[in-house]
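Working notes, beginning with the structure itself.
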Amino acid sequence: MDVPVYNMQGQQVGKLAIDEKTLGGEINAALIKQAYVRYHSNLRQGSSRTKNRREVEGSTRKLYKQKGTGNARHGDKKVNLMKGGGHGHSKKKTREDFRLDMPKKMRRKANRNALLAKLVDNQVRVIDTIKMAAPKTSDFVKFLEAIKVDDSALVALGGGTGDTIATRKSARNVENISLVHATDLNAFNMLNHRYVVIAKSDLESWLSGPWSQTGKDAKLAPKGAAQNAGKKAEAK
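The structure is reproduced here in structure tokens:
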């Protein structure tokens, strides 16, 4: 698969060859859904609580006398029948665990397969270099218009914070635009946006980095943090 590479003015300046087999070959909808549900579920804190009538702030005064009004009998206004009152069966669990697990190799395959789905739908914009000279929102909007991004987009930026600070400041006020580090691309944030915008070098690093290890080599010869930890241990 040849993916066009654009510059920031929207002109095609080259192509990037991507082997579809390294991304799963074909779209596995069941695997992508399993990963999406897992990422979404793991965002939940599980710490929701509701108040009963004792915990609701307000007066405990009886609303009106017990008899003679023709109305139903009522005490204070903090009962669950009243607007703003407490819950009849309030939630008191301090922490619920909604976390779902998924093997590392399956997660990586799902993330790569989600990228394949985006590539097939022509929803990935590969840019030769994403760099703003100065923080300016209008310039970033023109950049999106030039590469024909007319809906929500996930902008993946690599490098250090100092290298991308102008770009981040330019994009943070644009509606429906989310920023993420290039190493943090996953099925959840890709599928939550219509387009994925990423620099060519960052995409190549992602394709050949730790996310590329979807077999036994992920455990035998891991890349990234696990690899660096092994080198430190050997040095000691």
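With our numbering, letter number 165 in the sequence shown gets 167, and the count goes up by one each step, no holes.
C-beta atoms are modelled at their ideal positions from N, C-alpha and C, and glycine is treated no differently.
Item, Value
"Can you check which of these residues, Ile149, Ala32, Lys106, is closest to asparagine 124 by C-alpha distance?", "Ile149"
"Helix, strand or coil: which one does DSSP assign to lysine 144?", "helix"
"Go through its chain and collect everything with a Cβ distance to valine 15's Cβ below 7 Å, but skip five positions before and after it.", "Val7, Tyr8, Asn9, Asp130"
"Using only alpha-carbon positions, find the residue among Asp103, Lys80, Glu57, Arg75 that is nearest to lysine 94.", "Glu57"
"Which one or two residues does DSSP pair with serine 180 in a beta bridge?", "Leu156"
"Taking the alpha helix (DSSP H) that alanine 19 falls in, what are its first and last residues?", "Segment 14 to 19 is the beta strand (DSSP E) holding alanine 19; no alpha helix (DSSP H) there."
"Assuming leucine 102 contacts arginine 46 under a Cβ cut-off of 8 Å, what Cβ separation, rounded to an integer in Å, is found between them?", "10 Å between Cβ atoms; not a contact."
"Where does arginine 40 sit, in a helix, a strand or coil, going by DSSP?", "helix"
"Runs of 4 residues minimum, wholly inside the stretch 39 to 114: which ones carry the alpha helix (DSSP H) assignment?", "none"
"By the DSSP assignment, the beta strand (DSSP E) with alanine 189 in it spans what residues?", "Here alanine 189 belongs to no beta strand (DSSP E); instead the alpha helix (DSSP H) covers 189 to 193."
"How many angstroms separate the CA atom of alanine 32 from the CA atom of alanine 136?", "43 Å"
"Sort out for me which residues DSSP pairs alanine 116 with in a bridge.", "Note: alanine 116 sits in no beta bridge, so no partner."
"Taking the alpha helix (DSSP H) that aspartate 4 falls in, what are its first and last residues?", "Unbroken run through aspartate 4 is the beta strand (DSSP E), 4 to 8; no alpha helix (DSSP H)."
"If you draw a straight line from the alpha carbon of lysine 80 to that of tyrosine 38, how long is it in whole angstroms?", "41 Å"
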